[in-house]
Amino acid sequence: MSPALGYKLLGTTAPAVTKYTASVDKAGKPVAGTFKPAKMLVKAAKKTEDFTTENVLGYMEGTDLKQEVMVLSATTTTLG
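In my numbering, the protein residues as written are 8 to 87.
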């Protein structure tokens, strides 16, 4: 996606994004934005096919408490 399209979808401009980024940097945390996202509709063709996946496991370390983790897992599945 081009930056121009991104700005259009967020209902903003490049200078406004730069100003917002500077305010986040200054505050050191997220701040309320003035973006007004555009309404849109996406249509895509649906394709269904069967497949089998392997067992997977992942985890995310805590940001504040490194000893805390979120564990995500999935088992073998056939979709279709």
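Yeah, the Cβ is synthetic: ideal placement off N, Cα and C, and Gly gets one too.
Who pairs with residue i in a beta bridge, going by DSSP?
| i | result |
| --- | --- |
| A81 | V63 |
| E68 | V76 |
What does a CB cutoff of less than 7 Å around residue i pick up in its chain, not counting 5 residues either side in sequence?
| i | result |
| --- | --- |
| T20 | Y14 |
| V31 | P37 and V38 |
| F42 | L17, G18 and T19 |
State the start and end residues of the unbroken alpha helix (DSSP H) segment that holds residue i.
| i | result |
| --- | --- |
| V49 | Looking at the DSSP string, V49 is not in any alpha helix (DSSP H), and its letter there is neither H nor E. |
| K15 | P10 to L17 |
| P22 | A21 to A34 |
Tell me which same chain residues have a C-beta within less than 6 Å of the C-beta of residue i, skipping the five on either side of it?
| i | result |
| --- | --- |
| Y66 | V76 and V78 |
| K26 | none |
Beta-carbon within less than 8 Å of residue i's beta-carbon, same chain only, minus the 5 sequence neighbours each way: which residues are those?
| i | result |
| --- | --- |
| P10 | A21 |
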